[in-house]
Amino acid sequence: MQIATVALGVRSLRAAYRSGALTPHDVVDEVLDRIAARGDDGVWISRSTRAELHEQASSLRSVDLPLYGVPFAVKDNIDVAGLPTTAACPAFAHDPAADATAVRLLREAGAIVVGKTNLDQFATGLGGGRSPYGAPESVFGGDLVSGGSSSGSAVAVAAGEVAFSLGTDTAGSGRVPAAMNGIVGLKPTRGLVSTAGVLPACRSLDCVSVFAHDLDDAADVLAVLARPDPADPWSRSALVSGERGPGPGSHSRVLVATGLDFEGDTAMEAAFAAVAERAQPVGTTPVGPLQEAGDLLYTGPWVAERLAGLESFLDEHPDDVLPVTRAVIEAGHGFSAVDAFRARHRLQELRAGCDRLWDRADVLLLPTVPTTFTRAQLAEQPVARNLVLGRYTQFANLLDLAAVAVPAGTTADGRPVGVTLLGPAFSEDRLIATARRMTTWEAA
Numbered sequence: 020m021q022i023a024t025v026a027l028g029v030r031s032l033r034a035a036y037r038s039g040a041l042t043p044h045d046v047v048d049e050v051l052d053r054i055a056a057r058g059d060d061g062v063w064i065s066r067s068t069r070a071e072l073h074e075q076a077s078s079l080r081s082v083d084l085p086l087y088g089v090p091f092a093v094k095d096n097i098d099v100a101g102l103p104t105t106a107a108c109p110a111f112a113h114d115p116a117a118d119a120t121a122v123r124l125l126r127e128a129g130a131i132v133v134g135k136t137n138l139d140q141f142a143t144g145l146g147g148g149r150s151p152y153g154a155p156e157s158v159f160g161g162d163l164v165s166g167g168s169s170s171g172s173a174v175a176v177a178a179g180e181v182a183f184s185l186g187t188d189t190a191g192s193g194r195v196p197a198a199m200n201g202i203v204g205l206k207p208t209r210g211l212v213s214t215a216g217v218l219p220a221c222r223s224l225d226c227v228s229v230f231a232h233d234l235d236d237a238a239d240v241l242a243v244l245a246r247p248d249p250a251d252p253w254s255r256s257a258l259v260s261g262e263r264g265p266g267p268g269s270h271s272r273v274l275v276a277t278g279l280d281f282e283g284d285t286a287m288e289a290a291f292a293a294v295a296e297r298a299q300p301v302g303t304t305p306v307g308p309l310q311e312a313g314d315l316l317y318t319g320p321w322v323a324e325r326l327a328g329l330e331s332f333l334d335e336h337p338d339d340v341l342p343v344t345r346a347v348i349e350a351g352h353g354f355s356a357v358d359a360f361r362a363r364h365r366l367q368e369l370r371a372g373c374d375r376l377w378d379r380a381d382v383l384l385l386p387t388v389p390t391t392f393t394r395a396q397l398a399e400q401p402v403a404r405n406l407v408l409g410r411y412t413q414f415a416n417l418l419d420l421a422a423v424a425v426p427a428g429t430t431a432d433g434r435p436v437g438v439t440l441l442g443p444a445f446s447e448d449r450l451i452a453t454a455r456r457m458t459t460w461e462a463a
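Here this note's numbering runs 19 ahead of the position in the sequence shown, where the first position is 1.
Structure below.
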C-alpha cells in the first residue's frame, strides 16, 4: 500500500492495520513527512519527537483497540504529559504532570499523540490569529482565516496531518474552524466529555470538541471520550430515557432559522438557502432569541467568568498577553453581581423558549458562519469581525445544546460553506444521523 496516498482517518487506518497493509510505525513516519512538507504554517506549537512517536507506536499491544495507531493532535490549552501547555502565551507555559482525562482516554484506546496545536490565546477568539505562534491560513487558501480558537487543531486535520484532533468550544471554537476548513466539528453536550486538565475559558460553559474528516470518525472518537469523570465537577452522564422526538435512526424533523444576517454575502446566503431547501424542513423559527442568548457571552457578564480564571495571571504578567486578548478578558471588570443575576434570569427565559422548539422539531439548521474573512480583514476589525464569525455559534452552550458542524460545499466564488445542526442536550447520535443524511443530499 502506498501510504502517501492513504487518507489518515480513524476507520481507514483501522481497516489498513487489520489487513496488515500498514503498521503504526509506517503511519508515524508518514505523519512527520506530511508535517515537514507543509513547513512553518503556524499549526503546531510543540510536538513529540520521532523517537517518542515510535515509542508510542511500539507500546500498542492490541489491534482491536478502538483507536489503535490513530494519530491525533491536541489544542494547546489541554494538558498532555511530556509537552508544555502554553495556551498560546509563552509566559503561561508549564509542564503538566499528567494527561487531561480526554487525552488519557484516547491513549488508552490506542491513539497516538502527535503534538500540541496553535490557538487564539487563552481560547479567546474565533478568527485564529490571536497567537504569538502565528496565524494559520485556511486550507482553502486565499488568505482566509482558519477560524479559532482551535485554529491549529482544525488545519492539522484538514491538511491530512492527523486523523482527528481535540479542540475546545465555548463560543464556537469547535465549529467555526471546521467550517473554514471543510471538515466535521462535533461539539458535544456540556459535561459529556471531561474537561479535567483543560485550561478553562468560561468554566461553566466549556467543552472539549472533536475535529475529524467525516462523521463516522467523529462518532468513533466521541464514543471513547463520552463518560463521567469524578475529577471534573461539571461532568454529567448522557440521558438514557425521557428523550423527546424520534431516535437516532429515525427521520428527524428539521427547523430552519429565519432572520439571518449574512453581512451582505449573497454567495453564502444562496449556498445556505440551497442546503435548507434540500433539508425539507418542517418549519422555521426566528434566530433573534438565540442571538440574544449568544450576546450574553461577550457583551454580557459571562465575560467576567473568563476574567475569574485569569485575573491573577493578567495582574502578574501585564506585558505578556496580547492587547486584544487582554481587552476582551478585562472587560469583565465592567459587570456587577447584579448584572450577572439579571442576565442569568434572562438566559433562563431564553432557554425555556429554546426548549419548546424540540416539541415540534428534533434538529435546528443554521449556517455555521454568516460570511468569511481574510486574515487581513480580521486584523482591520479584530473584535467586530470576530463577533460576526460567532453570530450563529456562541449561544449553543448557554442554551445547553449539542451541535455538529459539517461542510456543505463551496460558494460560487470558491469559499467554504459550513452548516450546523443543533439539538437539545445529549442528542449527539440524532444530530450525527441527520448530518449523514444531509451529506447524502449534498452528494446527490
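Just so you know, even glycine gets a beta-carbon here, dropped at the ideal spot from N, CA and C.
Which residues mark the beginning and the end of the alpha helix (DSSP H) in which residue 303 is found?
From DSSP, residue 303 is part of no alpha helix (DSSP H) but of the beta strand (DSSP E) over 302-305.
Limits of the beta strand (DSSP E) - the one that residue 90 falls within
90-94
Can you tell me which of the three DSSP states residue 330 falls into?
helix
Let me know the beta strand (DSSP E) ranges lying completely inside the region 107-168, each 3 residues or longer, listed in chain order.
The region 107-168 contains these whole beta strand (DSSP E) runs: 131-136.
Does DSSP classify residue 425 as helix, strand or coil?
In the structure shown, residue 425 falls within a strand segment according to DSSP collapsed to helix, strand and coil.
Report buried or exposed for residue 81, applying the criterion of at least 16 other Cβ atoms within 10 angstroms of its Cβ.
Result: exposed.
Smallest Cα separation from residue 127: which of 89, 102, 155 and 158?
89
Assigned secondary structure, residue 231 (DSSP; H/G/I helix, E/B strand, else coil):
strand
If residue 145 sits next to residue 405, beta carbons under 8 Å apart, how far is it from one beta carbon to the other, in whole angstroms?
5 Å
Length of the line joining the Cα atoms of residue 230 and residue 293
Going from the Cα of residue 230 to the Cα of residue 293 covers about 25 Å.
Give every residue of the same chain whose Cβ lies closer than 6 Å to the Cβ of residue 75, excluding the five residues on either side of it in the sequence, and list them in chain order.
131
How far does the alpha helix (DSSP H) with residue 281 in it extend, from its first residue to its last?
Where residue 281 is concerned, there is no enclosing alpha helix (DSSP H), given that its DSSP letter is neither H nor E.
Does the region 159-171 come within contact of the region 196-207, defined as at least 3 CB pairs closer than 8 Å?
Contact check between the region 159-171 and the region 196-207: three or more CB pairs, one atom from each, fall below 8 Å, which counts as touching.
Among the residues of its own chain, which have a CB less than 7 Å from the CB of residue 259, if the five just before and after it don't count?
Only weak support is given to the placement of residue 259: the predicted model assigns it a pLDDT of 49, under 50, and the question is left unresolved by the model.
When the Cα of residue 186 is compared with those of 97, 147 and 101, which residue comes out closest?
Checking every option, the nearest Cα to that of residue 186 belongs to 97.
Decide yes or no for the touch test of the region 439-451 against the region 147-167: beta carbon pairs closer than 8 Å, at least 3 of them.
no
How far does the alpha helix (DSSP H) with residue 372 in it reach, from first residue to last?
356-376
Whole-angstrom distance between residue 446 and residue 454, CA atom to CA atom:
In a straight line, the C-alpha of residue 454 is about 12 Å away from that of residue 446.
Work out the CA separation of residue 54 and residue 93 for me, nearest whole Å.
15 Å
Taking the alpha-carbon of residue 362 as reference, which of 334, 323 and 289 has the nearest alpha-carbon?
323
Measure the C-alpha to C-alpha separation of residue 337 and residue 143 and round it to an integer number of angstroms.
17 Å
For residue 106, which residues in the same chain have their Cβ closer than 8 Å to its Cβ, ignoring the five residues on either side in sequence?
95, 96, 138, 140, 141, 142 and 218
Helix, strand or coil: how does DSSP classify residue 260 here?
Confidence at residue 260 is low in this model, with a pLDDT of 39, below 50, so the placement of that residue should be treated as unreliable; the coordinate-derived value is given next. Note: residue 260 maps to coil in three-state DSSP.
So, are the CB atoms of residue 393 and residue 251 less than 9 Å apart?
no
Helix or strand or just coil, what does DSSP make of residue 42?
Reduced to three states, the DSSP call for residue 42 is coil.
Go ahead and pull the three-state DSSP assignment for residue 236.
helix
Name, in chain order, the residues that DSSP records as bridge partners for residue 183.
Beta-bridge pairing links residue 183 to 91 and 231.
For my contact list, residue 277 and residue 243 are in at a C-beta cut-off of 8 Å; report their separation, rounded to the angstrom.
Residue 277 to residue 243, Cβ: 38 Å. No contact.
Residue 388 and residue 408: beta carbons closer than 9 Å?
Yes, the pair counts as a contact, with Cβ atoms nearer than the cut-off.
Measure the alpha-carbon distance for residue 215 versus residue 116 and round it to whole angstroms.
13 Å
Unbroken stretches of the alpha helix (DSSP H), 4 residues or longer, contained in the region 181-218:
195-200
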